[in-house]
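Below is one structure, written out as structure tokens; the observations come after it.
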Amino acid sequence: MRFIFKTRYEQDINLIQHNGQLFWYGLLIVALLAIPAAASPYLLTQMSQMLIYTIIAFGLMLLAGFTGQMSLGHAAFMAVGAYTEAVLAIAGWPFFLSVAASGLLAAIVGVIIGLPALRVKGLYLGIATLAFGTIVEEVIARAEHVTGGNAGLMVPPIQLFGLRFADGPAFYYLCLGFAIAAALVLINLLRSPTGRAFVAIRDSEISAQSMGVHLATYKTLSFSISAAFAGVAGALYAHNIRFLSPDQFTVVQSIELLMMVVIGGLGSIHGAAFGAIFLIALPQVINAVKPLMPSALAEATGLQPTIFGMMLILTVLFEPLGIYGAWLKLKAYFDLFPFYRKGMFRRQKAFQKSDRLK
Amino acid sequence: MQIVQLVISGLAQGCIYGLIALGFVLIYKATETVNFAQGELMMIGAFAGLFAATTLGLPYWLVILAAMAATALIGLAIERVVLQPILGHPAFSIVMVTIGLSYMARGLVTMIPVVGTDTHALPVPFRGEIFRLGTLVISAEHIVIIAATIVLCGLLAAMFHYTKVGIAMQAMSQNQLAAYYMGIPVKRLSGLIWGISAAVAAIAGILLAPLTFVHANMGLIGIKAFPAAVIGGFTSLPGAIVGGLIIGVVESLAGFYLMEGFKDVAAFVVVLLMLVFKPTGLFGETARKKV
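If you read the protein sequences in the order shown, they are chains A and B.
Under the numbering used here, residue 363 is the last one in the first sequence; the count climbs by one each step, no gaps.
Under the numbering used here, residue 515 is the last one in the second sequence; the count climbs by one each step, no gaps.
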């Protein structure tokens, strides 16, 4: 077990708290860099997809996990990014310019949806974002001359410095770079005053307001940053899938993104990454286990949603901090080895007063 | 005349939205939880009706009762097994749990061998009959939907005003803690509310079945019932029905007079406008809090 004795304020906000962290994250990055050497092309595409979902999860975690705003329309931000990227790439814009444009446009859309969000909270906000997501989905399906409508849109591969970043290791490294950058942006944001204002809003809007946090500004900011993450991820997604159609960005997809964040662990950066791994890995695991199951069960189309829904319910019921919470408990068990007690992480029943009056 | 025709079919569709929204409101008013699986409860009700009608061969009125009973039991079970343990936790986790429930319901239904992802037709005694009123043509399905909604609303209103249980539920929806102190069995009542709202959903499912067939994804219509509930104000029972009717009529008119595609988003445009200009809805109560 490690004790960190903090004597100065700077130690509290250091990016890296101790050398152990430096070692393990370094090892993680080395491992991620080494993956293309061993992985098959299919696995590499899945890994890229996982990194892309990690970026979205970072954004959604900022909004849902750290600012406490519910979004049931996040796939719409992803769609805005993906289609902007696709249209600009077809028009021949260089990648870094078009990906910036995708993020920016998604952020602007995020501000627009953030504005009604100032007037409504909680459940109503969820319904507003749900409505927004549905409208964007329909707009994409109808704006056929730009987006190709339901027939879909082919996305050309990335051209950078005369190199083709179509697929394989090059595209994977690009996604990895963006994911690491996104993680750094999120970590730095959260240890800045802005990040603390977000957390204050999540914990209590009234208290935050009385401490001088301007709710409207920070909520809109949170929405737009989160949307920008989703937009950039959407741009990468467009190049990874290379074919866009409106049915990739439905309300169901938005809900799955939210599920990813909740299962991973609400309110933790690690949780976002865990959630993305879960979302990509679960279908693979189910496919791998299928031969062991009775054929009637294995053939059923509803198997995956059932397991997904069950995992979500079990997470909320038994492990509200998600996979990251489970990991913390495991770590604590080994840290304290002979002294671990059963009731250490017992939840207090946190009865809150009426939600309607908030 | 065209417009009257459209309004009538819109009203019939709106009754379905209204009935689903009624389920949301019942549960939200009493227990302050939002049930995202309400549409799936409706789907389960429709399948229960289908089972009663085709496999058991019951007459139509018994089909309705059987579906209501079966779905109400499922609603009770959901409340007891899944929601009681997380009572009092933030709204976010409850929403996620009900979303998980809706996923599971959809998945489990498609896993039943004879059901699968196919669409099924529920046999009804009045299928295909139409009535002519001057130049108006009204199908029997629409009349049955509207009539059933009116009867059901009357029954619910009577229950809330004249029975002990109903009055206890009203007390509970005003202040759970105070109701508990006055000796009202809050836990048992919230289970009962879930049962009632599931039964209402089952009726909606059986009424909808002749219009759209019975299939595993019919519960997604529940997403359109959210606008209905918001427009009515999330805490008002008559509001839910009125909101449903408004959504139904707007959708029907938008589908005819506006461009293609507007029909599906009309409800959501209306709800966004409503949220921007009057977030409490048409009949919503404004709750004030003394600090």
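All C-beta atoms in this analysis are idealised placements derived from N, C-alpha and C, irrespective of residue type, glycine included.
This one's a predicted model, so the numbers in the text were calculated from it and none came from an experiment.
ask   = Apart from the five residues just before and just after I118 (chain A), which ones in its own chain have a Cβ nearer than 6 Å to its Cβ?
value = Looking up residue 118 (chain A) in the first sequence gives position 113. The answer, listed in chain order, is F137.
key: Heavy atom of the ligand GTP within 7 Å of L262 (chain A) beta-carbon   = The ligand GTP is not among the ligands present in this structure, which contains no ligands whatsoever.
query = According to the neighbour-count rule (16 or more other Cβ atoms, all chains shown, within 10 Å of its Cβ), is V151 (chain A) buried or exposed?
reply = For this step, residue 151 (chain A) is matched to residue 146 along the first sequence. V151 (chain A) is exposed by the Cβ-count criterion.
inquiry  = Considering only DSSP beta bridges, list what V389 (chain B) is partnered with.
reply    = For the purposes of this step, residue 389 (chain B) is taken as the residue at position 165 of the second sequence. DSSP lists no partner for V389 (chain B).
task = Counting only the same chain and skipping the five closest in sequence on each side, list residues whose C-beta sits under 7 Å from that of I21 (chain A).
result = Sequence index remark: in the first sequence, residue 21 (chain A) carries index 16 (1-based). Only L27 meet the Cβ criterion.
request  = Can you give me the start and stop residues for the alpha helix (DSSP H) that R207 (chain A) sits inside?
outcome  = Here residue 207 (chain A) is taken as the residue at index 202 of the first sequence, counted from 1. Residues P198 to D208.
task = Quick one: list the residues of chain A neighbouring G467 (chain B), beta-carbon separation under 7 Å, in chain order.
result = If you number the second sequence from 1, residue 467 (chain B) lands on position 243. Those do not exist, as G467 (chain B) stays about 12 Å from chain A at its closest Cβ, beyond 7 Å.
Alpha-carbon spacing of L128 (chain A) relative to V258 (chain B), whole angstroms = On the first sequence, residue 128 (chain A) is found 123 positions in, with the first residue counted as 1. On the second sequence, residue 258 (chain B) is found 34 positions in, with the first residue counted as 1. The straight-line gap from Cα to Cα measures roughly 8 Å.
message = Counting C-beta neighbours from all protein chains within 10 Å, is the total for K448 (chain B) 16 or more, i.e. buried, or is it exposed?
response = Taking the first residue of the second sequence as position 1, residue 448 (chain B) is located at position 224. Buried, since its Cβ has 16 or more Cβ neighbours within 10 Å.
query = Whose Cβ in chain B lies nearer than 9 Å to the Cβ of V190 (chain A)?
reply = Here residue 190 (chain A) is taken as the residue at index 185 of the first sequence, counted from 1. Ordered by position in chain B, no residue passes the 9 Å Cβ test against V190 (chain A), which lies about 24 Å from the chain.
Between the CA atoms of A428 (chain B) and L308 (chain A) - distance to the nearest angstrom = Taking the first residue of the first sequence as position 1, residue 308 (chain A) is located at position 303. Taking the first residue of the second sequence as position 1, residue 428 (chain B) is located at position 204. Rounded to the nearest angstrom, the two C-alpha atoms are 27 Å apart.
key: Contact list for Y177 (chain A) against chain B, beta-carbon separation under 7 Å   = For this step, residue 177 (chain A) is matched to residue 172 along the first sequence. Chain B residues near Y177 (chain A): none, gap ~31 Å exceeds 7 Å.
query = From the beta carbon of A85 (chain A), is the nearest beta carbon of chain B less than 8 Å away?
reply = If you number the first sequence from 1, residue 85 (chain A) lands on position 80. A small fix is needed here, since residue 85 (chain A) is Val in this sequence, not Ala. It does not: the Cβ of V85 (chain A) has no partner Cβ on chain B nearer than 8 Å.
key: For S363 (chain B): DSSP bridge partner residues   = Taking the first residue of the second sequence as 1, we reach residue 363 (chain B) at position 139. In DSSP, S363 (chain B) forms a bridge with B:I354.
Rounded separation between G86 (chain A) and I445 (chain B) - CA only = On the first sequence, residue 86 (chain A) is found 81 positions in, with the first residue counted as 1. On the second sequence, residue 445 (chain B) is found 221 positions in, with the first residue counted as 1. Their backbone Cα atoms lie some 28 Å apart in a straight line.
key: V424 (chain B) and P451 (chain B) closer than 8 Å at C-beta   = The sequence position of residue 424 (chain B) within the second sequence is 200, counting from 1. The sequence position of residue 451 (chain B) within the second sequence is 227, counting from 1. The answer is no: Cβ separation not under 8 Å.
message = Less than 8 Å between CB atoms is the rule here; does V114 (chain A) satisfy it with respect to chain B?
response = Sequence index remark: in the first sequence, residue 114 (chain A) carries index 109 (1-based). Chain B, which has no Cβ nearer than 8 Å to the Cβ of V114 (chain A), makes this no.
request  = Look at A546 (chain B) and L413 (chain B) and say whether their C-beta atoms are less than 8 Å apart.
outcome  = Summary: the structure shown does not reach residue 546 (chain B), with chain B confined to residues 225 through 515, and so no result is reported for it.
task = Mind reading off the beta-carbon distance from L300 (chain B) to G419 (chain B)? Whole number of angstroms is fine, and I expect it under 8 Å.
result = On the second sequence, residue 300 (chain B) is found 76 positions in, with the first residue counted as 1. On the second sequence, residue 419 (chain B) is found 195 positions in, with the first residue counted as 1. That belief holds up - the Cβ atoms of L300 (chain B) and G419 (chain B) are roughly 5 Å apart, short of 8 Å.
query = So with Cβ pairs under 8 Å, would you call T334 (chain B) a contact of chain A?
reply = Counted from its first residue, the second sequence places residue 334 (chain B) at position 110. By this cut-off, T334 (chain B) is an interface position.
key: Neighbour-count burial assignment, L3 (chain A), 16 or more Cβ in a 10 Å radius   = Only positions 6 to 363 of chain A appear in this structure, which leaves residue 3 (chain A) out of reach.
message = Short of 8 Å Cβ to Cβ, which residues in the region 427-439 of chain B face chain A?
response = none
inquiry  = Buried or exposed for N19 (chain A), going by 16 or more other Cβ atoms inside 10 Å?
reply    = Counted from its first residue, the first sequence places residue 19 (chain A) at position 14. Label assigned to N19 (chain A): exposed.
inquiry  = Please return the same chain residues whose Cβ sits closer than 7 Å to the Cβ of A261 (chain B), not counting the five positions on each side in sequence.
reply    = Walking along the second sequence from the start, residue 261 (chain B) turns up at place 37. Only T322, L325, S326 and A329 meet the Cβ criterion.
key: CB contact below 8 Å: R207 (chain A) versus chain B   = Working through the first sequence from its first residue, we reach residue 207 (chain A) at position 202. So, not an interface residue.
Chain-ordered neighbours of T139 (chain A) on chain B, where CB pairs are closer than 7 Å = Numbered from its first residue, the first sequence carries residue 139 (chain A) at position 134. Near T139 (chain A) (Cβ distances below 7 Å), the residues of chain B are V489 and F492.
ask   = Are there 16 or more other CB atoms within 10 angstroms of the CB of A502 (chain B), so buried, or fewer, so exposed?
value = Position 278 of the second sequence, counted from the start, is the residue given in the question as residue 502 (chain B). Sequence inspection shows Lys at residue 502 (chain B); the Ala mentioned does not correspond to that position. Classification of K502 (chain B): exposed, given that the 10 Å Cβ count is below 16.
inquiry  = If the cut-off is 7 Å on Cβ atoms, which residues from the region 245-260 of chain B count as contacting chain A, listed in chain order?
reply    = E256 and V258
query = the region 50-77 of chain A: which residues have C-beta closer than 7 Å to a C-beta of chain B, in chain order?
reply = M75
query = Between B:L416, B:M383, B:V454 and B:I336, which lies nearest to G505 (chain B) when the distance is taken from Cα to Cα?
reply = One-based indexing of the second sequence puts residue 505 (chain B) at position 281. For G505 (chain B), the nearest C-alpha among the options comes from B:V454.
query = Cα-Cα, which of A:Q289, A:L287, A:V266 and A:P288 is closest to A278 (chain A)?
reply = On the first sequence, position 273 is the one that residue 278 (chain A) refers to. That would be A:V266, whose Cα lies nearest to the Cα of A278 (chain A).
ask   = For the region 283-311 of chain A, which residues have a CB atom closer than 8 Å to at least one CB atom of chain B, in sequence order?
value = A301, L302, A305, T306, G307, L308, Q309, P310 and T311
ask   = Mind checking if F228 (chain A) is an interface residue toward chain B, Cβ cutoff 8 Å exclusive?
value = To locate residue 228 (chain A), count along the first sequence from 1; it is residue 223. Answer no: the Cβ-Cβ gap between F228 (chain A) and chain B never drops below 8 Å.
ask   = Taking all protein chains shown into account, do 16 or more other C-beta atoms lie within 10 angstroms of the C-beta of N193 (chain A), making it buried, or fewer, making it exposed?
value = Stepping through the first sequence from its first residue, residue 193 (chain A) is reached at position 188. When all chains shown are included, N193 (chain A) counts as exposed.
task = Provide the residue span of the alpha helix (DSSP H) that contains P283 (chain B), from first to last.
result = Position 59 of the second sequence, counting from 1, holds the residue named residue 283 (chain B). P283 (chain B) -> no alpha helix (DSSP H), and no H or E assigned at all.
query = Taking only beta-carbon atoms, is Y481 (chain B) less than 8 Å away from chain A?
reply = Stepping through the second sequence from its first residue, residue 481 (chain B) is reached at position 257. No - not a single Cβ of chain A is within 8 Å of the one on Y481 (chain B).
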